[in-house]
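I have placed the structure first, in the form of structure tokens, so that the comments after it can refer back to it.
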Amino acid sequence: MDHKYINSMLSQMDKDLAAKGMSRREAMKLAGISGAGMFMGATNASANEKEEIKEVKSGVKGKIVIVGGGLAGMSTARRLLNFLDNPDITVIEPEALSVSYQPGQTLVGGGIWDIDDIRVKRDDYIPDGVKIIKEKVIDFHPQINELTTAEGTVVKYDYLVLATGLHLDFERIKGLENAGRAMSAGDNSKLLKAMGDDGICSIYTAEGAAATWTQMQKFIEKAKNKKDGEKVQFVFTHPNTPVKCGGAPKKILNLANARLKEAGARGNAELSFYPNGGVMFGVPQYHDAIVGQFKREGYKWYYRHNLIEVDKEKKIATFDSKWQEKGPFDPIMRDFEVVSKHEKVRVPYDFLHVTPPQLAPREIAESDLGSAKGWVPVNKETLQHIRYDNVFAIGDVAQVPMGKTGGSVRKQYKVLVTNLIARMEGKKLPAKYAGYTVCPLITTIGTVMLAEFNWTREPTPSFPLDPTVERWMWWLMKIHLLKPMTVVGMIQTGRA
Amino acid sequence: MKKIILSALVASVALVAADKTPIYKSGMLLPPQPKVIYEQQCAQCHGMDGKQTSFKGSSTVVYSPITGLNADALAKELKEYRGGIKSKDYGPLQKYGYGALMKTSLTDLSWEEIDSLSQWISNNLK
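Each protein sequence line maps, in turn, to chains A and B.
Counting in this note's numbering, the first sequence runs from 1 upward without gaps.
Counting in this note's numbering, the second sequence runs from 1 upward without gaps.
Structure, rendered in structure tokens:
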């Protein structure tokens, strides 16, 4: 952790507070009352009671198998223990670092944290009473409530929770095929080898995040020593698939900007953002706030550009750019046609941050549990599978709009546990997920815009403050509170 | 369809076997097992020895034996056959009229699996 920043921020914070006649301690207390309690889970008793009407244990029996032991799977397992008298819970997870703190990868990429700050070992957080199978599931037979691992172990279940997460599909980008597919945790040496050591990086894996910081430092140094008036090109992408944490591509852009400024090299660098979409954020208020920030910081941005190819030798990224044009007059419709066009755009880069295309794991996509696109089709409110009523899905693999963040999981796992127990008791499913997602969007070192929203596409702030304003308080929360909340609150106690 | 039958076969084998039989499927981030990939994807047409040149005795379908190939050249060609995941990005190779068929067989394989498969074919099918 970089204490220099924390200290300079704390002094800025004290200055802000002194203007209002408050101390740091009082401010944190206020934050606790007004809403941080929702993040910490334990401090705000009344809010907790409202959320969990009763914490009465159910006597129902049944074998619950959870496939995937990441944040979603482990916290679901832990919470089920709180509500079951006779728990029979098995988690299947082959990766030893599966519960690593993924939201910290942006901070690792920006050099604020070290990779060891985000590594969390699965075996340290297996609660008593939960069985673990350290194998990889490759075959699902939902018709007969059975699945098979690569080692050939056949596991029968009464209830199945799918929490496998998603795959990062670097392989789809021409020039990076050797990278293959990856998951965020674990050994990604193959990926790093394919990315090389000349400016291509991605914070979407833990090891890749550490490598991103190495590359970033290298090219900031280059910008610093640049004297020929040319600018060092920093290019950032966002693909045409659903991604986990849609804010991360912008967070790393903002951190690179902050680091360039810190080195006094911003004037010799150009930062460009190439998103596949036509807006910065699905929620108009946040979109406007982000565009405002992009203008202020002097970034360039080009909508509807999807990265399809990387030429590592010549250092050129090729994007597929899409637009629509007014076509010929159609005499029958009595209007002009709209013609969709696209062309390849070649962009020279020095530093290229790749946000990989992402898809559901093939074992899910090819089984009867996956939809045509691969994700697990669930009722987006109850998280129950649309065809198999003893199957639930949570986290990145669930086909839930806007749901691929740790913040969503924090709401989803409570809904899932309540509904799963209701299903075991043969009752109607009472809990509903409203699509809550949170994106603590790092805008520079020291400030964060806390973008919270749900399916209404309206901001749904937890705090009585303008959510589109960047604040140091959210930075403190992102840096200090969210990791303990996730690791202790969710995985260790199942309550946050 | 082939894939469904195949996975059904693999599944039934796993169910019948009382002891644990490791199973392999391509494209699932498992360490590559080229021999199994060959059996699953290639042997039906090319035969286990790589010398089969027509499909189940049909004289209208003919192709070359795949013995004695160079691993690197083969890997390159298989990757071209496989193409990108979306063919509109960069299309599959159309060679000898078997492009579509080769693509179906290869589409699930990762680059790493194709490399190991090519090596295996080059080493074992003489």
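All C-beta atoms in this analysis are idealised placements derived from N, C-alpha and C, irrespective of residue type, glycine included.
All values reported here derive from a predicted model rather than from experimental measurement.
Please determine, among M183/A, G199/A, M402/A, the residue with the shortest C-alpha to C-alpha distance to D350/A. Here the question's residue 350/A lines up with position 350 in the first sequence. It is G199/A.
Given this structure, state the Cα-to-Cα distance separating V235/A from L271/A, to the nearest angstrom. The residue you call residue 235/A lines up with position 235 of the first sequence. The residue you call residue 271/A lines up with position 271 of the first sequence. Cα to Cα, V235/A sits roughly 6 Å from L271/A.
Member of I203/A, W455/A, E425/A whose CA lies at the smallest distance from the CA of K57/A: Here residue 57/A is taken as the residue at index 57 of the first sequence, counted from 1. Of the listed residues, the one whose Cα sits closest to K57/A is E425/A.
Interface partners of N178/A on chain B, CB under 8 Å: Counting from one through the first sequence, the residue named residue 178/A turns up at place 178. Going along chain B in sequence order, the residues near N178/A (Cβ under 8 Å) are W111, E112.
Are the CB atoms of P356/A and L166/A nearer to each other than 7 Å? Within the first sequence, residue 356/A is the residue found at index 356, counting from 1. Within the first sequence, residue 166/A is the residue found at index 166, counting from 1. No, they are not a contact pair.
Below 8 Å, how does it come out for the region 323 to 330 of chain A and the region 176 to 184 of chain A: are there three or more Cβ pairs, yes or no? no
Among Y286/A, G62/A, V391/A, N268/A, which has the Cα closest to the Cα of I442/A? Taking the first sequence and counting its residues from 1, the one referred to as residue 442/A is at position 442. I442/A has its Cα closest to that of Y286/A, out of Y286/A, G62/A, V391/A, N268/A.
Any residues in the region 352 to 368 of chain A with a beta carbon nearer than 8 Å to a beta carbon of chain B? Which ones, in chain order? P361, R362, E363, E366
How about R78/A and P142/A: do their beta carbons lie closer than 7 Å? Taking the first residue of the first sequence as position 1, residue 78/A is located at position 78. Taking the first residue of the first sequence as position 1, residue 142/A is located at position 142. No, the Cβ-Cβ distance between R78/A and P142/A is not below 7 Å.
Please list, in chain order, all residues of the same chain as P103/A whose beta carbon is under 6 Å from its beta carbon, the five residues on each side excluded. The residue you call residue 103/A lines up with position 103 of the first sequence. So the qualifying residues of the chain are G406.
Apart from the five residues on each side of it in sequence, which residues of its chain come closer than 6 Å, Cβ to Cβ, to T493/A? For the purposes of this step, residue 493/A is taken as residue 493 along the first sequence, with counting starting at 1. Excluding positions up to five away in sequence, the list is empty.
The region 220 to 236 of chain A contacting the region 260 to 274 of chain A, beta-carbon criterion three pairs below 8 Å: The region 220 to 236 of chain A is in contact with the region 260 to 274 of chain A.
My guess is that A182/A and L191/A are in contact by the Cβ rule of under 8 Å, so how many angstroms apart are they, rounded? One-based indexing of the first sequence puts residue 182/A at position 182. One-based indexing of the first sequence puts residue 191/A at position 191. With a Cβ gap of about 5 Å, A182/A and L191/A count as contacting.
Within its chain, find whatever has a CB closer than 6 Å to the CB of L117/B; leave out the 5 residues flanking it on each side and keep chain order. Walking along the second sequence from the start, residue 117/B turns up at place 117. Excluding the 5 residues flanking it on each side, L117/B has same chain C-beta neighbours closer than 6 Å at P34, I37, in chain order.
On the criterion of 16 or more Cβ atoms from any shown chain inside 10 Å, does G111/A qualify as buried, or is it exposed? For the purposes of this step, residue 111/A is taken as residue 111 along the first sequence, with counting starting at 1. It counts as buried.
If you measure from the beta carbon of I85/B to each beta carbon in chain A, is any gap under 7 Å? Residue numbering aside, residue 85/B sits at position 85 when the second sequence is read from its first letter. Model confidence at I85/B stands at a pLDDT of 48, short of 50, so the residue's coordinates are unreliable; what they give is reported in the following sentence. Chain A, which has a Cβ nearer than 7 Å to the Cβ of I85/B, makes this yes.
If A434/A sits next to N419/A, beta carbons under 8 Å apart, how far is it from one beta carbon to the other, in whole angstroms? Taking the first sequence and counting its residues from 1, the one referred to as residue 434/A is at position 434. Taking the first sequence and counting its residues from 1, the one referred to as residue 419/A is at position 419. That belief does not hold up - the Cβ atoms of A434/A and N419/A are roughly 14 Å apart, past 8 Å.
For E135/A and chain B, any beta-carbon pair shorter than 7 Å? Residue mapping note: residue 135/A aligns to position 135 of the first sequence, counting from 1. No, no contact with chain B.
With distances taken from CA atoms, which of M216/A, V469/A, K373/A is nearest Q293/A? Your numbering for residue 293/A matches position 293 in the first sequence. Of the listed residues, the one whose Cα sits closest to Q293/A is V469/A.
Just mark I386/A as buried or exposed, buried being the case when its beta carbon has 16 or more other beta carbons within 10 Å. One-based indexing of the first sequence puts residue 386/A at position 386. With fewer than 16 other Cβ atoms within 10 Å, it is exposed.
Buried or exposed, going by whether 16 or more other CB atoms sit within 10 Å of the CB of M40/A? Sequence index remark: in the first sequence, residue 40/A carries index 40 (1-based). With a pLDDT of only 42 at M40/A, under the threshold of 50, the placement of this residue in the model should not be trusted, and no figure is reported.
Reduced DSSP category for M477/A - H, G, I as helix; E, B as strand; rest coil: Position 477 of the first sequence, counted from the start, is the residue given in the question as residue 477/A. Here DSSP, grouped into helix, strand and coil, assigns M477/A to helix.
Would you grab the beta carbon distance between Q412/A and L383/A for me? Rounded to a whole angstrom, and I think it's under 8 Å. As a position in the first sequence, residue 412/A is number 412, starting the count at 1. As a position in the first sequence, residue 383/A is number 383, starting the count at 1. Correct: roughly 6 Å between the Cβ atoms.
Nearest-angstrom Cα distance between M477/A and T437/A? Along the first sequence, read from residue 1 onward, the residue named residue 477/A stands at position 477. Along the first sequence, read from residue 1 onward, the residue named residue 437/A stands at position 437. The C-alpha of T437/A is placed about 16 Å away from the C-alpha of M477/A.
Note down, one range per segment and in chain order, each alpha helix (DSSP H) of at least 4 residues found wholly within the region 58 to 91 of chain A. You should have 71 to 83.
Along chain A, in chain order, which residues have C-beta atoms closer than 9 Å to that of K25/B? Translated into positions along the second sequence, residue 25/B becomes position 25. Residues of chain A passing the Cβ test: I138, D139, A150, R362, E363, E366.
Could you tell me which chain A residues have their CB closer than 7 Å to the CB of L125/B, listed as they occur along the chain? Walking along the second sequence from the start, residue 125/B turns up at place 125. None at all; the shortest Cβ gap to chain A is about 24 Å.
Could you list which residues in chain B have their beta carbon closer than 7 Å to that of K156/A, in chain order? Taking the first sequence and counting its residues from 1, one reaches residue 156/A at position 156. The premise fails here: K156/A is roughly 11 Å from chain B at the closest Cβ pair, so nothing lies under 7 Å.
Cβ-based contacts, 8 Å cut-off: residues of the region 188 to 222 of chain A near chain B: K190
DSSP three-state call for Y286/A: helix, strand or coil? Along the first sequence, read from residue 1 onward, the residue named residue 286/A stands at position 286. Per DSSP, reduced to three states, the secondary structure at Y286/A is helical.
Only counting the same chain, and skipping five residues up and downstream in sequence, which positions put a Cβ closer than 6 Å to that of I290/A? Residue mapping note: residue 290/A aligns to position 290 of the first sequence, counting from 1. Excluding residues within five positions, the ones whose Cβ falls inside 6 Å are M280, F281.
One or two residues paired with A317/A in a DSSP bridge: Taking the first residue of the first sequence as 1, we reach residue 317/A at position 317. The partner list for A317/A (beta bridge, DSSP) reads V310/A, V347/A.
Assess, as a yes-or-no matter, whether the region 113 to 124 of chain A is touched by the region 85 to 103 of chain A under the definition of 3 or more beta carbon pairs within less than 8 Å. yes
Between V303/A and N276/A, what straight-line distance do the alpha-carbon atoms span, to the nearest angstrom? For the purposes of this step, residue 303/A is taken as residue 303 along the first sequence, with counting starting at 1. For the purposes of this step, residue 276/A is taken as residue 276 along the first sequence, with counting starting at 1. This sequence places Tyr at residue 303/A; Val is not what is there. Using only the alpha carbons, I get a separation of about 6 Å.
Name the residue from I220/A, W301/A, I308/A, D228/A whose alpha carbon lies nearest to the alpha carbon of A265/A. Within the first sequence, residue 265/A is the residue found at index 265, counting from 1. The shortest Cα separation from A265/A among I220/A, W301/A, I308/A, D228/A belongs to I220/A.
Please determine, among W472/A, L416/A, L429/A, the residue with the shortest C-alpha to C-alpha distance to L162/A. Residue 162/A sits at position 162 when you count from the first residue of the first sequence. Selected option, being the one with the closest Cα: L416/A.
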